[in-house]
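Taking it in order: structure first as structure tokens, then the write-up.
This is the structure we're talking about:
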């Protein structure tokens, strides 16, 4: 679908006018949005706008890394929004210059729709221009990052409140995977905004630069939140492994004590279980009770020895 909006010299908005009328003398600037375009609609990137072939190629390829390129008569930017259900990136391609802005996206974009509706309902058209539309698009994209980040952070806080020995490792690894997805979107977007702010090709007024700087600050905040949460998942994982390791050590210690106590008892039982004819102890009247007493004495002695060594204390 192709939709158009044009701002005239007398500051009125013309909605869904034909492409050929966008270059009329009364048009100050215009916005063309290619929303999930067909192959036939995509052709206008070359035939009508004559954009650079490399930029068009980037549009047709799915999920490119955020980037900013400059060409002779226009600039080109790739930004990534986020699918709030899957946390997968969704690409939005933007062409712009002084008198137009063109957006291209293969999937429905809430961010683009929101800014589009805002333009149509705007009461102060005079203050808007392609760079301002670019700002609003970036601002909406970044704003939609926050709910996903905060939702993951809340899940992590709930998980952290549980005892380490009751930690659900599957949930922890799922959260870490989600944070990795966010990191792959937020970090490149932060670098992109840094380039915009320091670009000599993008003419930002002092007032506009303040707004773009605000988006950059939001991305810095998101970066810190994502990184701190990733560190928290690492600490929680280490705590879980430490608790499990201590539990295994305790189990091994118990098994070691039992095995050590039974080793001499097994030896004694093995010796007197050989059933040789000439074993005097087998014919003693109290031999059986003497052997049991020796076994009991050895067991008690070894138990006391291990107790004094502290093997049965809780901190072990």
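In full-length UniProt numbering, the protein residues as written are 1 to 316.
All C-beta atoms in this analysis are idealised placements derived from N, C-alpha and C, irrespective of residue type, glycine included.
Practice task
Please confirm whether residue 131 and residue 215 have their CB atoms less than 8 Å apart.
Solution key: Translated into the one-based positions of the chain shown, residue 131 becomes position 131. Translated into the one-based positions of the chain shown, residue 215 becomes position 215. Going by C-beta atoms, residue 131 is not nearer than 8 Å to residue 215.
Problem - Own chain partners of residue 99 with C-beta closer than 6 Å, once the 5 adjacent residues on each side are dropped - result: Within the chain shown, the letter at position 99 stands for residue 99. 29, listed in sequence order.
Practice task
Would you kindly check if the distance between the Cβ of residue 290 and the Cβ of residue 265 is under 8 Å?
Solution key: As a first step, residue 265 must be located in the chain shown, where it is residue number 265. As a first step, residue 290 must be located in the chain shown, where it is residue number 290. Cβ atoms of residue 265 and residue 290: not closer than 8 Å.
Exercise for the section: Report the option in 91, 152 and 2 whose CA atom is closest to the CA atom of residue 185. Expected result: Within the chain shown, residue 185 is the residue found at index 185, counting from 1. The residue with the shortest Cα to Cα distance from residue 185 is 91.
Exercise for the section: Determine the contact status of residue 111 and residue 85, defining contact as a CB-CB distance below 8 Å. Expected result: The residue you call residue 111 lines up with position 111 of the chain shown. The residue you call residue 85 lines up with position 85 of the chain shown. Contact flag unset, no.
Practice task
Decide if residue 252 is buried, meaning its Cβ has at least 16 other Cβ atoms within 10 Å, or exposed.
Solution key: What you label residue 252 is simply residue 252 of the chain shown in a count that begins at 1. The residue in question, residue 252, is exposed, as its Cβ has fewer than 16 Cβ neighbours within 10 Å.
Problem - Euclidean distance between Cα positions of residue 303 and residue 248 - result: One-based indexing of the chain shown puts residue 303 at position 303. One-based indexing of the chain shown puts residue 248 at position 248. Going by the C-alpha atoms only, they are around 21 Å apart.
Problem - Own chain residues within Cβ distance below 7 Å of residue 81, not counting five before or after - result: Residue numbering aside, residue 81 sits at position 81 when the chain shown is read from its first letter. Correct list, in chain order: 90, 92, 109, 111, 141 and 144.
Handout entry: For residue 190 and residue 3, the rounded distance between their alpha carbons
Key = Along the chain shown, one-based indexing puts residue 3 at 3. Along the chain shown, one-based indexing puts residue 190 at 190. In a straight line, the C-alpha of residue 3 is about 30 Å away from that of residue 190.
Practice task
Indicate whether residue 219 and residue 193 have their beta-carbon atoms separated by less than 8 Å.
Solution key: For the purposes of this step, residue 219 is taken as the residue at position 219 of the chain shown. For the purposes of this step, residue 193 is taken as the residue at position 193 of the chain shown. The answer is yes: Cβ separation under 8 Å.
Practice task
Kindly indicate which three-state DSSP category residue 1 falls into: helix, strand or coil?
Solution key: Counting from one through the chain shown, the residue named residue 1 turns up at place 1. Coil at residue 1, not helix or strand.
Practice task
Measure the C-alpha to C-alpha separation of residue 14 and residue 128 and round it to an integer number of angstroms.
Solution key: Position 14 of the chain shown holds residue 14. Position 128 of the chain shown holds residue 128. Residue 14 and residue 128: Cα-Cα distance of roughly 14 Å.
Handout entry: Inter-residue Cα distance where the pair is residue 31 and residue 174
Key = Numbered from 1 along the chain shown, position 31 holds the residue referred to as residue 31. Numbered from 1 along the chain shown, position 174 holds the residue referred to as residue 174. Each residue's Cα considered, the two are about 40 Å apart.
Exercise for the section: Note down, in chain order, each residue of its chain lying with its Cβ closer than 7 Å to the Cβ of residue 120, except the 5 sequence neighbours on either side. Expected result: Locating residue 120 in the chain shown gives position 120, where the first residue counts as 1. Excluding sequence neighbours, residue 120 sits near 5, 13 and 15.
Practice task
Out of 284, 176 and 97, state which residue places its alpha-carbon closest to the alpha-carbon of residue 51.
Solution key: Your numbering for residue 51 matches position 51 in the chain shown. It is 97 whose Cα lies nearest to the Cα of residue 51.
Exercise for the section: Spatial neighbours of residue 66 within its chain, please: CB distance less than 7 Å, with the 5 preceding and 5 following residues excluded, ordered by chain position. Expected result: Residue 66 sits at position 66 when you count from the first residue of the chain shown. Result list for residue 66: 78, 79, 80, 188, 189 and 192, in chain order.
Handout entry: residue 204 - containing alpha helix (DSSP H), residue span
Key = Counting from 1 along the chain shown, the entry for residue 204 is found at position 204. Element bounds for residue 204: n/a, residue is neither H nor E.
Handout entry: Beta-carbon contacts of residue 202 that lie in its chain and below 8 Å, excluding the five residues immediately before and after
Key = In the chain shown, residue 202 corresponds to position 202, counting from 1. The answer, listed in chain order, is 75, 131 and 196.
Exercise for the section: Over the uninterrupted alpha helix (DSSP H) stretch that includes residue 317, give me the two end residues. Expected result: Given a span of 1 to 316 for the chain in the structure shown, any question on residue 317 remains unanswerable.
Practice task
Return the CA-CA distance between residue 260 and residue 274, expressed in angstroms with no decimal places.
Solution key: Your numbering for residue 260 matches position 260 in the chain shown. Your numbering for residue 274 matches position 274 in the chain shown. Looking at the two C-alpha atoms, the distance is approximately 22 Å.
Practice task
Measure the C-alpha to C-alpha separation of residue 44 and residue 235 and round it to an integer number of angstroms.
Solution key: Residue mapping note: residue 44 aligns to position 44 of the chain shown, counting from 1. Residue mapping note: residue 235 aligns to position 235 of the chain shown, counting from 1. Going from the Cα of residue 44 to the Cα of residue 235 covers about 52 Å.
Exercise for the section: Find out if the Cβ-Cβ distance for the pair residue 156, residue 233 is shorter than 8 Å. Expected result: Locating residue 156 in the chain shown gives position 156, counting from the first residue. Locating residue 233 in the chain shown gives position 233, counting from the first residue. Less than 8 Å separates the beta-carbon of residue 156 from that of residue 233.
Practice task
Give the secondary structure of residue 38 by DSSP, where H, G and I count as helix, E and B as strand, and everything else as coil.
Solution key: By 1-based counting over the chain shown, the position of residue 38 is 38. Coil, per DSSP.
Problem - residue 70 versus 199, 57, 34 and 176, residue with shortest Cα-Cα distance - result: Residue numbering aside, residue 70 sits at position 70 when the chain shown is read from its first letter. Checked all of 199, 57, 34 and 176; the closest Cα to residue 70 is 199.
Problem - Extent of the continuous alpha helix (DSSP H) to which residue 21 belongs - result: Position 21 of the chain shown holds residue 21. Where residue 21 is concerned, there is no enclosing alpha helix (DSSP H), because DSSP gives it neither an H nor an E.
Exercise for the section: Rounded to whole angstroms, what's the CA-CA distance from residue 296 to residue 280? Just pull it up for me. Expected result: The sequence position of residue 296 within the chain shown is 296, counting from 1. The sequence position of residue 280 within the chain shown is 280, counting from 1. Taking the straight line from one Cα to the other gives about 22 Å.
Problem - Inter-residue spacing [alpha-carbon to alpha-carbon] between residue 8 and residue 88 - result: Position 8 of the chain shown, counted from the first residue, corresponds to residue 8. Position 88 of the chain shown, counted from the first residue, corresponds to residue 88. Distance between the alpha carbons of residue 8 and residue 88: 38 Å.
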